[in-house]
Amino acid sequence: MARQKSSHASAAKSRHASTAYEESIGAAPNASRLVVIISCMAAIGAMVYGMWGPRLPVMLAPEATPLLALSATPPANPLPFTAPSATPLADPLLSAAPSATPPTNPLPFAAPSATPSAGQSAATPHVGIVAGHWENDKGAMCPDGLTEVEINLDVAQRVVYTLRALGYQTDLLAEYDPHLEDYRADALVSIHADSCVAYPNATPPASGFKVASVEDSLVPEAESRLVACLAQCYAARTGMYFHANSITYDMLYYHSFYEINNQTPGAIIETGFMFNDRHMLTQRADLVAQGIVDGIVCFIEDERP
Numbered sequence: 525m526a527r528q529k530s531s532h533a534s535a536a537k538s539r540h541a542s543t544a545y546e547e548s549i550g551a552a553p554n555a556s557r558l559v560v561i562i563s564c565m566a567a568i569g570a571m572v573y574g575m576w577g578p579r580l581p582v583m584l585a586p587e588a589t590p591l592l593a594l595s596a597t598p599p600a601n602p603l604p605f606t607a608p609s610a611t612p613l614a615d616p617l618l619s620a621a622p623s624a625t626p627p628t629n630p631l632p633f634a635a636p637s638a639t640p641s642a643g644q645s646a647a648t649p650h651v652g653i654v655a656g657h658w659e660n661d662k663g664a665m666c667p668d669g670l671t672e673v674e675i676n677l678d679v680a681q682r683v684v685y686t687l688r689a690l691g692y693q694t695d696l697l698a699e700y701d702p703h704l705e706d707y708r709a710d711a712l713v714s715i716h717a718d719s720c721v722a723y724p725n726a727t728p729p730a731s732g733f734k735v736a737s738v739e740d741s742l743v744p745e746a747e748s749r750l751v752a753c754l755a756q757c758y759a760a761r762t763g764m765y766f767h768a769n770s771i772t773y774d775m776l777y778y779h780s781f782y783e784i785n786n787q788t789p790g791a792i793i794e795t796g797f798m799f800n801d802r803h804m805l806t807q808r809a810d811l812v813a814q815g816i817v818d819g820i821v822c823f824i825e826d827e828r829p
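Written out as structure tokens, the structure is:
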């Protein structure tokens, strides 16, 4: 059935002064000279302590560790498909990625069957992942030739591989995949990337991600939870900003939302801006994919009894 749905130390520096004693010590006898030296040292010590002592706790306070430092080393070749990060974050909502070696070619669509396969029960989570623009067009493009579909497919394959390794029945779908018609699953997530334009005067800057579901949803509570899980977990994993004010009409009325079964919760994520977030999207695709996986797992675990 086609859908008709109703639906973000500085550490202060101190300057210190030093005082030189030049002639008085040289003219004094040895005993007096010793007394003078000791007095000078005591005075200097008191001055240094007074200037620096109270500030030591501030100056020695450790800086916060950036979120990216918690992740695995980025892959040597960013866009070729490689294993996702195996290092989980401390948050219990964030799942650990498997460590097996993924395939190098696009993962095939795993057509769902009425009878669960061996090792798969009726309670096995079922998720659809759309690689935005795949098998249709290139999507947004950068001046140097980088295309959105390259980013989308790379991230989507990582997500599908990781979810399958976690035991989920997961389908990799093209932009206008015929399987989308009346598609039934626990969730469907379409992966896209934003434009490759600098927008130097944008406020806030053209950087960050956004997530949305259909405006006129028939399962608004479930889709709100899916969007919330994706937004929370993606931000936690990548450290990126939720750019809510750039959610577009095309996201709210995304075509796939009206093709899938009207009881299948759906969401679309723009993983970042191809110009300002290029490093994250191409060099840290493991984090991008893992953030989406974390969000899906968060939603599925919350929905299931």
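In this note's numbering, the protein residues as written are 525 to 829.
Glycine included, every Cβ here is placed at the ideal spot set by N, Cα and C.
A quick note: this is a predicted structure, and the numbers were derived from the prediction, not measured.
Counting the other CB atoms within 10 Å of its CB gives Thr788 a total of 16 or more, which places it among the buried residues.
By the neighbour-count definition (other C-beta atoms within 10 Å, threshold 16), Thr648 is an exposed residue. The three-state reading of DSSP puts Ala809 in helix, counting H, G and I together. Judged by DSSP in its simplified three-state form, Thr686 adopts helix.
If you draw a straight line from the Cα of Glu659 to the Cα of Tyr700, it comes to about 8 Å. Cβ contact annotation for Ala791 (same chain, cutoff 8 Å, sequence separation greater than five): Ala711, Leu712, Val713, Ser714, Val735, Ala736, Ser737, Glu747, Leu750, Val751, Leu754, in chain order. Contact check for Val683 against Val821 fails: the beta carbons are separated by 7 Å or more. Under the criterion of beta carbons closer than 8 Å, Glu705 and Met798 do not qualify as touching, at roughly 30 Å. Secondary structure at Val721: coil, using DSSP grouped into helix, strand and coil. In this chain, the beta strand (DSSP E) harbouring Gln693 covers 693 to 697. According to the DSSP assignment, Thr788 belongs to no beta strand (DSSP E), since it is labelled neither H nor E. Annotated three-state conformation of Phe799 is coil, per DSSP. Straight-line measurement puts the Cα of Ile793 at about 6 Å from the Cα of His716. The beta-carbon distance between Asp718 and Gly796, rounded to whole angstroms, is 6 Å. This is short enough to meet the 8 Å contact definition. Here DSSP, grouped into helix, strand and coil, assigns Val738 to coil.
Judged by beta-carbon spacing, Gly819 lies within the 7 Å limit of Tyr758, meaning their Cβ atoms are closer than that value. Assignment of Val743 by DSSP, reduced to helix, strand and coil, places it in the coil class.
Here the C-alpha atom of Glu674 lies approximately 10 Å from the C-alpha atom of Leu805.
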